[in-house]
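S.K.:
Residue numbers (mature numbering (1 follows the signal peptide of the UniProt record, and there is no 0)): -28 to -1, 1 to 318.
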């Protein structure tokens, strides 16, 4: 008969072989990567395969910013349509901490924001939209998710799970954040969704798959959908603050045109047969902005405690002092640059 420790070791090895992170012991605090994996959403992506800019549905796949092997934002529209280019699934995250809450921001990137008609809508190279989750540190290992704010173009939408004591603040709560089980781990995850073409992101089912679509599940490895109607695809979680990663490239003029705005141009047929093609028209989290709301540009990621306190009425309040916030060192520069950063309509 195996000893209990042997059985545990075998089980842990099995999880590692399956590509899943092994949860930390109950007595140990989870790492930020484990927190991001535990709360990462099950993500529904609607897919439209019609029109020449859809790439047969591939234009709606989530992927890495450097999916084509380089950090040039101005060739992503072109490279997305080239044969042999990998669109393995990925999402980016950052974590900020206070004594009362964890805040996790997720970015979902597409090489194209596209349309298939010539009327009044522009398309553009690169697309970055996402969601921020506020998690109360209630003494349990991973805390309790209390509120969420999603990014759909240049509008923010707020949500609370069923049973949350958080209610509307300066902004009304826009709906319920639902949860579902993942076949790849033992957790119940929040469920989000993105529309086809423009990729606005809301809580499911405010956006939902309409016909073809992909259901993405969080993981430590990314898979490429078998086609535009694949309902079980794992996406890789990537730390925005990884060495050489997205934040480290924030001043790379090939990838970013200005503060938190991805560089993009009109090459490769963007705008052909449509109303037009915008340039420099997608944002990273530190560039996200709902222009008619009080929080400033990028604060959904850089000062999520402030944004949460504005969007929600929170029993007991929230600490505004960060014990960990990787954006803090650049906060003054970001605030100053935001004063002159051009408005980006994603």
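Where a beta carbon is used, it is the ideal one built from N, C-alpha and C, also for glycine.
Taking the runs of the beta strand (DSSP E) that are 3 residues or longer, which of them lie wholly in the stretch 63 to 151?
M.R.: 73 to 85, 94 to 108, 116 to 124, 127 to 133 and 147 to 149
S.K.: If you reduce the DSSP assignment to three classes, tell me which class residue 6 lands in.
M.R.: helix
S.K.: Using CA atoms only, rank isn't needed, just tell me which of 87, 31, 83 and 106 is closest to residue 291.
M.R.: Distance from the Cα of residue 291 is smallest, within the candidate group 87, 31, 83 and 106, for 106.
S.K.: Can you list, in chain order, the residues of its chain whose CB lies under 6 Å from that of residue 250, leaving out five sequence neighbours each side?
M.R.: 94 and 96
S.K.: Using alpha carbons as the reference points, say which of 263, 131 and 293 lies closest to residue 283.
M.R.: 131
S.K.: Please report the residue range of the alpha helix (DSSP H) in which residue 283 lies.
M.R.: Unbroken alpha helix (DSSP H) run through residue 283: 276 to 283.
S.K.: Which residues in the same chain have their Cβ closer than 8 Å to the Cβ of residue 228, if we skip the five residues on either side of it in sequence?
M.R.: 45, 221, 222, 234, 235 and 256
S.K.: Apply the 10 Å Cβ neighbour rule to residue 89 and answer buried if 16 or more other Cβ atoms are within range, or exposed otherwise.
M.R.: exposed
S.K.: Under 7 Å Cβ to Cβ from residue 54, same chain only, skipping five residues before and after it: list those, please.
M.R.: none
S.K.: Inspect the beta-carbon positions of residue 39 and residue 59 and report whether they are closer than 8 Å.
M.R.: yes
S.K.: Which value, in whole angstroms, describes the spacing of the CA atoms of residue 186 and residue 202?
M.R.: Pairing residue 186 with residue 202, the inter-Cα distance amounts to about 5 Å.
S.K.: For residue 198, does the count of other Cβ atoms within 10 angstroms reach 16, so buried, or fall short, so exposed?
M.R.: exposed
S.K.: Would you mind working out which of 142, 102, 109 and 62 sits nearest residue 192, comparing C-alpha positions?
M.R.: 62
S.K.: Quick check on the burial criterion: 16 or more other C-beta atoms within 10 angstroms. Buried or exposed for residue 27?
M.R.: For residue 27, the number of other beta carbons within 10 angstroms of its own is at least 16, and it is reported as buried.
S.K.: How far does the alpha helix (DSSP H) with residue 51 in it reach, from first residue to last?
M.R.: Annotation: the continuous alpha helix (DSSP H) that includes residue 51 extends over 48 to 52.
S.K.: Return the Cβ separation of residue 173 and residue 271 in integer angstroms, given the expectation that the two are a contact with Cβ distance under 8 Å.
M.R.: Between residue 271 and residue 173 the Cβ distance is about 18 Å, and since that is not below 8 Å, they are no contact.
S.K.: Please classify residue 13: is it buried, with 16 or more other beta-carbons within 10 angstroms of its beta-carbon, or exposed?
M.R.: buried
S.K.: Might you give, ordered along the chain, the residues of its own chain that have their beta carbon closer than 7 Å to the beta carbon of residue 389, omitting 5 neighbours on each side?
M.R.: In this structure the chain extends from -28 to 318, so residue 389 is not present and cannot be described.
S.K.: Less than 8 Å between the beta carbons of residue 171 and residue 99, yes or no?
M.R.: yes
S.K.: Hey, could you find the ends of the alpha helix (DSSP H) residue 173 is sitting in?
M.R.: From DSSP, residue 173 is part of no alpha helix (DSSP H) but of the beta strand (DSSP E) over 173 to 175.
S.K.: Going residue by residue through the stretch 179 to 240, where are the continuous beta strand (DSSP E) segments of at least 3 residues, counting only ones entirely within it?
M.R.: 185 to 191, 205 to 211 and 228 to 230
S.K.: Is DSSP giving residue 310 helix, strand or coil here?
M.R.: If DSSP states are grouped into helix, strand and coil, residue 310 belongs with the helices.
S.K.: Could you work out which residue in 317, 241, 259 and 277 is closest to residue 49 when comparing CA atoms only?
M.R.: The shortest C-alpha separation from residue 49 is found at 241.
S.K.: Determine whether the beta carbon atoms of residue 103 and residue 78 lie at a separation below 8 Å.
M.R.: yes
S.K.: Between which two residues does the beta strand (DSSP E) harbouring residue 169 extend?
M.R.: Segment: none, residue 169 is in no beta strand (DSSP E) and carries neither H nor E.
S.K.: In three-state terms, what does DSSP make of residue 162?
M.R.: Judged by DSSP in its simplified three-state form, residue 162 adopts strand.
S.K.: In this structure, how does DSSP classify residue 156 when only helix, strand and coil are distinguished?
M.R.: In this structure, residue 156 counts as coil in the three-state DSSP scheme.
S.K.: Just list the residues that DSSP pairs residue 250 with in beta bridges.
M.R.: 96
S.K.: Taking the alpha-carbon of residue 138 as reference, which of 289, 16, 122 and 294 has the nearest alpha-carbon?
M.R.: 289
S.K.: Given this structure, state the Cα-to-Cα distance separating residue 306 from residue 230, to the nearest angstrom.
M.R.: 11 Å
S.K.: Given this structure, state the Cα-to-Cα distance separating residue 200 from residue 155, to the nearest angstrom.
M.R.: 20 Å
S.K.: Taking buried to mean at least 16 other C-beta atoms within 10 Å of its own C-beta, is residue -4 buried or exposed?
M.R.: With a pLDDT of 42 at residue -4, under the threshold of 50, the modelled position of that residue is not reliable, and no figure is offered here.
S.K.: Mapping DSSP to helix, strand and coil, what is residue 301?
M.R.: helix
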